[in-house]
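Which chain is which? The protein sequence lines are A and B, in order.
The opening position of the first sequence corresponds to residue 509 in our numbering, with each subsequent residue numbered one higher.
The opening position of the second sequence corresponds to residue 117 in our numbering, with each subsequent residue numbered one higher.
Even glycine gets a Cβ: it sits at the ideal position worked out from N, Cα and C.
Predicted model only: the values in this text are computed from it and were never measured.
Here's the structure we're looking at; comments come further down.
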Amino acid sequence: MSTVMTLILRLMRLPVMGRLALILGSLVVSLSLYRLAFPATYLGGTLMLPIILSAWLFGLQGGLLCVSVITLILGTSYGIVFGSAFWSSPWYTPFLIGTLYGLALCLVVGVLRYMTDTLLGAQYKIARTEQAYQQEHALNEMKDQALQNLGHELRTPLAQIQGYLELLETFQNQCDAATQARFIMNARGGCEELLSLISTALETVHASEARQSTRLSVFSLQHEIKTVMAHFEPRFMQDYRIKIDIAESVHVHADPRFVRQIVRNLLTNACKYTPAQTCITVSAAAMSAMNEPDGRAGMICVRVSDQGPGIPLEQQSLLFQRFVRLPNATESTQSGIGLGLAICKQLVEAMGGTIWVESTGRNGEGCCFSFTLASGSVVDFESGETQYFEKAKGYA
Amino acid sequence: MRERTTAFLEGRQEMPISARPMTNKVILIEPNVTLAEMLSHALTLAGYMVVVAAREAEISGTKLMVGTPPAVLVVDLYEPEEDPIAQLRHIRARWPEAPPLIILTASQHVTEALASTERVIRKPFHLSDLLQAIQQAVTP
Chain A
509 MSTVMTLILR LMRLPVMGRL ALILGSLVVS LSLYRLAFPA TYLGGTLMLP
559 IILSAWLFGL QGGLLCVSVI TLILGTSYGI VFGSAFWSSP WYTPFLIGTL
609 YGLALCLVVG VLRYMTDTLL GAQYKIARTE QAYQQEHALN EMKDQALQNL
659 GHELRTPLAQ IQGYLELLET FQNQCDAATQ ARFIMNARGG CEELLSLIST
709 ALETVHASEA RQSTRLSVFS LQHEIKTVMA HFEPRFMQDY RIKIDIAESV
759 HVHADPRFVR QIVRNLLTNA CKYTPAQTCI TVSAAAMSAM NEPDGRAGMI
809 CVRVSDQGPG IPLEQQSLLF QRFVRLPNAT ESTQSGIGLG LAICKQLVEA
859 MGGTIWVEST GRNGEGCCFS FTLASGSVVD FESGETQYFE KAKGYA
Chain B
117 MRERTTAFLE GRQEMPISAR PMTNKVILIE PNVTLAEMLS HALTLAGYMV
167 VVAAREAEIS GTKLMVGTPP AVLVVDLYEP EEDPIAQLRH IRARWPEAPP
217 LIILTASQHV TEALASTERV IRKPFHLSDL LQAIQQAVTP
């Protein structure tokens with residue numbers, strides 16, 4: 509029974525041409541059978557099939573049109589055969605009854621179709637409402653989880669600050685000046701960690717609004733990366749060799765604020781999880797059509813690569829999710845709430861790019877985070893000159 | 117920061133300041149290096165002999181267990197990366213004769229789940245509360 513129902517419902521979803529072909533086919537077959545049996549037998553019942561089909565597939569109007577067409581064809585053929593004597597012939601009564609029967613059938617099937625449409629519409633509305641509810645519910649759960657995680661992460665640096673201050677307060681007389689200074693420094697470290705956590709949480713809020721607030725412009729990528737380096741954490745600058753391999757001519761069409769933040773997050777991660785005194789490289793180049801057939805060709809690919817422990821293949825898919833910290837990260841002494849890469853993903857996507865990671869997962873081979881940005885320049889092949897994107901598009 | 121904290125964990129578990137004679141041994145399982153250092157300072161200054169491990173896996177059968185048996189085990193159940201209840205069960209299973217446990221956690225959920233069976237102190241905590249809990253645990 510359910511198979512029949514599924515078939516009937518599937519017929520409704522056929523394209524218009526398909527439905528028309530089905531009705532015309534059944535009409536031709538029915539009329540042919542009717543004509544073959546005429547006048548030996550009256551096969552009016554066969555003509556009900558195209559009426560049922562048209563009333564079901566096109567509603568009441570479709571059914572009425574089909575009844576009219578059949579009546580017209582039969583009336584014309586009877587007129588040709590019987591002429592004016594048709595009204596008094598024995599075929600007149602079955603013709604009239606058949607027409608009324610067809611109309612009644614058309615009405616019943618048409619009403620059924622209408623009721624089915626109404627029911628399906630209501631079901632669709634319910635499904636959509638349910639889906640919206642599920643989405644809202646999931647969003648609320650995510651927000652709750654985010655708040656919980658944030659609260660949890662804030663408690664650890666708070667415990668550190670409170671603990672060191674209390675140590676100073678309680679054991680001040682038993683500690684020498686150097687130890688006291690160290691306690692104060694550690695308490696301050698906790699304050700900085702707290703500040704960093706709060707900044708990250710706020711960045712997440714801004715990142716989720718990024719799509720609405722994106723301000724694209726053409727700028728020199730090298731210049732922006734140098735700006736990031738100028739304000740990068742001094743301790744990282746001391747501990748790592750950070751190399752910038754970006755040609756001055758590379759211009760991108762992106763939001764400079766977002767690019768700075770993405771590079772800063774990727775560099776911070778690289779510094780956090782790779783051994784000191786290793787090299788971290790920031791490079792950029794146009795993607796070639798040969799290597800990137802999926803539409804990224806011509807975009808600028810920015811890469812941040814390190815020589816750290818790498819990321820196992822099975823964990824790479826989790827990296828860009830919110831509040832995800834891989835086991836390698838949790839075992840390290842570095843703090844974090846697993847939002848940096850999720851923010852990068854949101855910002856890159858807000859600018860129409862993609863972000864991914866490449867790593868063999870083997871210690872020492874490191875990993876490479878790459879993201880794409882729209883190129884800010886196009887090459888004029890006739891003159892061989894490079895033109896800025898805005899000028900080429902007529903924006904300037 | 118990295119060098120200082122690493123050096124602390126690798127060797128210098130006994131703090132330079134020792135104000136009182138050490139009597140009871142406290143094993144501290146604390147994965148956060150800065151917190152471990154702070155707690156270690158506090159317990160040492162309060163007169164305990166402190167042995168620090170970053171993970172519970174480090175304690176059984178190692179030098180941490182040699183010598184005076186520990187009087188108290190202070191464990192920071194690190195969330196959300198690991199299931200803290202399972203972590204605790206693991207400690208109990210690996211170490212059936214474990215001394216009294218004092219649990220440190222930042223999670224409300226863990227606090228509620230363990231409060232009836234364990235001594236739980238929620239972060240951020242007052243050092244005096246922790247020292248009091250340890251004192252109660254070591255007092256026969």
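Member of B:A209, B:L159, B:V166 and B:V190 whose CA lies at the smallest distance from the CA of B:P216
Taking the second sequence and counting its residues from 1, one reaches residue 216 of chain B at position 100. The residue with the shortest Cα to Cα distance from B:P216 is B:V190.
Decide if A:V512 is buried, meaning its Cβ has at least 16 other Cβ atoms within 10 Å, or exposed.
Locating residue 512 of chain A in the first sequence gives position 4, counting from the first residue. A:V512 is exposed by the Cβ-count criterion.
Can you give me the C-alpha to C-alpha distance between A:T722 and A:A882, rounded to a whole angstrom?
For this step, residue 722 of chain A is matched to residue 214 along the first sequence. For this step, residue 882 of chain A is matched to residue 374 along the first sequence. Rounded to the nearest angstrom, the two C-alpha atoms are 14 Å apart.
Would you mind sorting B:H242 into buried or exposed? The rule is 16 or more other CB atoms within 10 Å of its CB.
In the second sequence, residue 242 of chain B corresponds to position 126, counting from 1. So B:H242 ends up on the exposed side.
Within chain A, partners of B:S223 - CB distance below 7 Å
On the second sequence, position 107 is the one that residue 223 of chain B refers to. Those are H660, listed as they occur along chain A.
Cβ of A:G465 within 8 Å of Cβ of A:I788?
Nothing in the structure corresponds to residue 465 of chain A, since chain A is present only between 509 and 904.
Going by DSSP, what residue range makes up the alpha helix (DSSP H) through A:H739?
For this step, residue 739 of chain A is matched to residue 231 along the first sequence. Careful: A:H739 lies outside any alpha helix (DSSP H) and carries neither H nor E.
Do you know how far the Cα of B:E146 is from the Cα of B:A222?
Here residue 222 of chain B corresponds to residue number 106 of the second sequence, with the count starting at 1. Here residue 146 of chain B corresponds to residue number 30 of the second sequence, with the count starting at 1. Taking the straight line from one Cα to the other gives about 13 Å.
Take the Cβ of A:R518 as the centre, count every other Cβ of all protein chains shown within 10 Å, and call the residue buried at 16 or more, exposed below.
As a position in the first sequence, residue 518 of chain A is number 10, starting the count at 1. Counting Cβ neighbours within 10 Å, A:R518 comes out exposed, since fewer than 16 surround it.
Quick one, are the C-beta atoms of A:V812 and A:F877 less than 8 Å apart?
Residue mapping note: residue 812 of chain A aligns to position 304 of the first sequence, counting from 1. Residue mapping note: residue 877 of chain A aligns to position 369 of the first sequence, counting from 1. The answer is yes: Cβ separation under 8 Å.
Consult DSSP for A:T607 and reduce its assignment to one of helix, strand or coil.
Your numbering for residue 607 of chain A matches position 99 in the first sequence. Three-state result, A:T607: helix.
8 Å contact criterion, which A:L774 and A:I754 should meet: CB distance rounded
On the first sequence, residue 774 of chain A is found 266 positions in, with the first residue counted as 1. On the first sequence, residue 754 of chain A is found 246 positions in, with the first residue counted as 1. Not a contact, Cβ separation roughly 14 Å.
With a cut-off of 8 Å, do at least 3 Cβ pairs link the stretch 575-589 of chain A to the stretch 638-647 of chain A?
no
Any beta carbon from chain A within less than 8 Å of B:H157's own beta carbon?
In the second sequence, counting from the first residue as 1, residue 157 of chain B sits at position 41. So, interface residue.
Beta-carbon separation (whole angstroms), A:V736 vs A:R768, contact threshold 8 Å:
Translated into the one-based positions of the first sequence, residue 736 of chain A becomes position 228. Translated into the one-based positions of the first sequence, residue 768 of chain A becomes position 260. 5 Å between Cβ atoms; contact.
Pop quiz: A:G874 and A:G816 are said to be a contact at Cβ under 8 Å. What is the actual Cβ separation, rounded to whole angstroms?
On the first sequence, position 366 is the one that residue 874 of chain A refers to. On the first sequence, position 308 is the one that residue 816 of chain A refers to. Indeed they touch by this definition, with Cβ atoms about 5 Å apart.
Determine whether the Cβ of A:Y672 lies closer than 8 Å to any Cβ atom of chain B.
Counted from its first residue, the first sequence places residue 672 of chain A at position 164. Chain B contact via Cβ: present.
CB-CB under 8 Å to A:Y622, same chain, minus the five flanking residues each way: which ones, in chain order?
Within the first sequence, numbered from 1, the residue matching residue 622 of chain A stands at position 114. Around A:Y622: G567 and L568.
Which one of A:T776, A:Q823, A:G571 and A:S576 has the shortest CA to CA distance from A:D747?
Taking the first residue of the first sequence as position 1, residue 747 of chain A is located at position 239. When each option's Cα is compared against that of A:D747, the closest is A:T776.
Check B:K239 in the structure and name its three-state DSSP category.
Numbered from 1 along the second sequence, position 123 holds the residue referred to as residue 239 of chain B. Coil.
Are the C-beta atoms of A:L675 and some chain B residue less than 8 Å apart?
Position 167 of the first sequence, counting from 1, holds the residue named residue 675 of chain A. A:L675 counts as touching chain B.
Between which two residues does the beta strand (DSSP E) holding B:T221 run?
On the second sequence, position 105 is the one that residue 221 of chain B refers to. Start and end: L217 to T221.
Should B:Q203 be labelled buried (16 or more other beta-carbon atoms within 10 Å of its own) or exposed?
Here residue 203 of chain B refers to the residue found at position 87 when the second sequence is read from its first residue. So B:Q203 ends up on the buried side.
Measure the alpha-carbon distance for B:Q129 versus A:A686 and round it to whole angstroms.
Counting from one through the second sequence, the residue named residue 129 of chain B turns up at place 13. Counting from one through the first sequence, the residue named residue 686 of chain A turns up at place 178. Here B:Q129 scores only 40 on pLDDT, less than 50, and its place in the model should not be relied on; the value that follows carries that caveat. When rounded, the distance between both Cα atoms is 18 Å.
Reduced DSSP category for A:E873 - H, G, I as helix; E, B as strand; rest coil:
Mapped onto the first sequence, residue 873 of chain A falls at position 365. Coil.
Rounded C-alpha distance that separates A:T584 from A:L515:
For this step, residue 584 of chain A is matched to residue 76 along the first sequence. For this step, residue 515 of chain A is matched to residue 7 along the first sequence. If you take the alpha carbons of A:T584 and A:L515, they lie about 35 Å apart.
Within 8 Å, strictly: CB atoms of A:T664 and B:L151
Counting from one through the first sequence, the residue named residue 664 of chain A turns up at place 156. Counting from one through the second sequence, the residue named residue 151 of chain B turns up at place 35. It is a contact, given that the beta carbons lie within the stated cut-off.
Residue from A:L855, A:Q854 and A:R830 with nearest C-alpha to A:L847:
Taking the first residue of the first sequence as position 1, residue 847 of chain A is located at position 339. Ranking the options by Cα distance to A:L847, first place goes to A:R830.
Please classify A:H759 as buried or exposed, where buried requires at least 16 neighbouring CB atoms within 10 angstroms.
Stepping through the first sequence from its first residue, residue 759 of chain A is reached at position 251. It is buried - the Cβ of A:H759 has at least 16 other Cβ atoms within 10 Å.
Is A:V758 helix, strand or coil when you go by DSSP?
For the purposes of this step, residue 758 of chain A is taken as the residue at position 250 of the first sequence. Three-state result, A:V758: coil.
Thinking C-beta only, is B:A249 closer than 8 Å to B:R238?
Walking along the second sequence from the start, residue 238 of chain B turns up at place 122. Walking along the second sequence from the start, residue 249 of chain B turns up at place 133. The answer is no: Cβ separation not under 8 Å.
Does A:N777 come within less than 8 Å of chain B when only Cβ atoms are used?
Position 269 of the first sequence, counted from the first residue, corresponds to residue 777 of chain A. Cβ-Cβ to chain B under 8 Å: no for A:N777.
Counting only beta-carbon atoms, is A:R696 nearer than 8 Å to chain B?
As a first step, residue 696 of chain A is located in the first sequence; it is residue number 188 there, counting from the start. So, not an interface residue.
At a CB-CB cut-off below 7 Å, which residues of chain A make contact with B:P240?
In the second sequence, counting from the first residue as 1, residue 240 of chain B sits at position 124. Simply R663, L666, A667 and Q670.
8 Å CB neighbourhood of B:L229 in its chain, flanking five on each side removed
Walking along the second sequence from the start, residue 229 of chain B turns up at place 113. Per the sequence shown, the amino acid found at residue 229 of chain B is Ala instead of Leu. Contacts found: I201.
Determine the closest residue to A:L582 out of A:Y542, A:L675 and A:L724, with distance taken between C-alpha atoms.
As a working note, residue 582 of chain A is residue 74 in the first sequence. The residue with the shortest Cα to Cα distance from A:L582 is A:Y542.
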